Amino acid sequence: MLRALTIAALIGIPIALALVPLDLVSSGPTLCLYKRFTGADCMGCGMTRSMVSLFHLEFGAAYDFNRGIIGVAPLLIWLWVKELLRNVRLLSADLRLPSKAATARLTP
117 MLRALTIAAL IGIPIALALV PLDLVSSGPT LCLYKRFTGA DCMGCGMTRS
167 MVSLFHLEFG AAYDFNRGII GVAPLLIWLW VKELLRNVRL LSADLRLPSK
217 AATARLTP
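So, in structure tokens, the structure goes:
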């Protein structure tokens, strides 16, 4: 059951990010504590906005928000696919019926 929920979350989070209006994210206040206290951008500033832009297929806007998206996005996609496939494999192994040899040993 937990694996099925994990798979649902792994599929649902990107869909949710794609459904978030880009205007809501790009015009909202900054969440970065470093920027709030110092007024300067940190290396991660704009990464959330960049990811949401990427899910909206706005590649130019994603790059403008944070150039680090070029390295971060492929890494996150690779980790996401790896984790999704791992959970699907484990769930299918959990749901697989026992083989005939295993059931033959159980019957007298």
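Those letters in the sequence shown? Residues 117 to 224, by my numbering.
A virtual CB, placed ideally from N, CA and C, is assigned to each residue, including glycine.
A quick note: this is a predicted structure, and the numbers were derived from the prediction, not measured.
- Note that the segment 127-146 touches the segment 172-184; at least 3 beta-carbon pairs, one per stretch, sit closer than 8 Å.
- Listed in chain order, the non-local C-beta contacts of Val-168 below 7 Å within the same chain comprise Leu-133, Val-136, Leu-138, Val-141, local neighbours out to five positions each way being set aside.
- A straight-line Cα-Cα distance of about 23 Å links Pro-145 and Val-188.
- In the structure shown, the three-state DSSP call for Arg-183 is coil.
- Within the same chain, Cβ atoms closer than 7 Å to the Cβ of Glu-199 are found at Leu-126, the five residues on either side in sequence being excluded.
- Secondary structure note for Arg-212: it is in no alpha helix (DSSP H), with a DSSP letter that is neither H nor E.
- Boundaries of the alpha helix (DSSP H) around Asp-139: 138-142.
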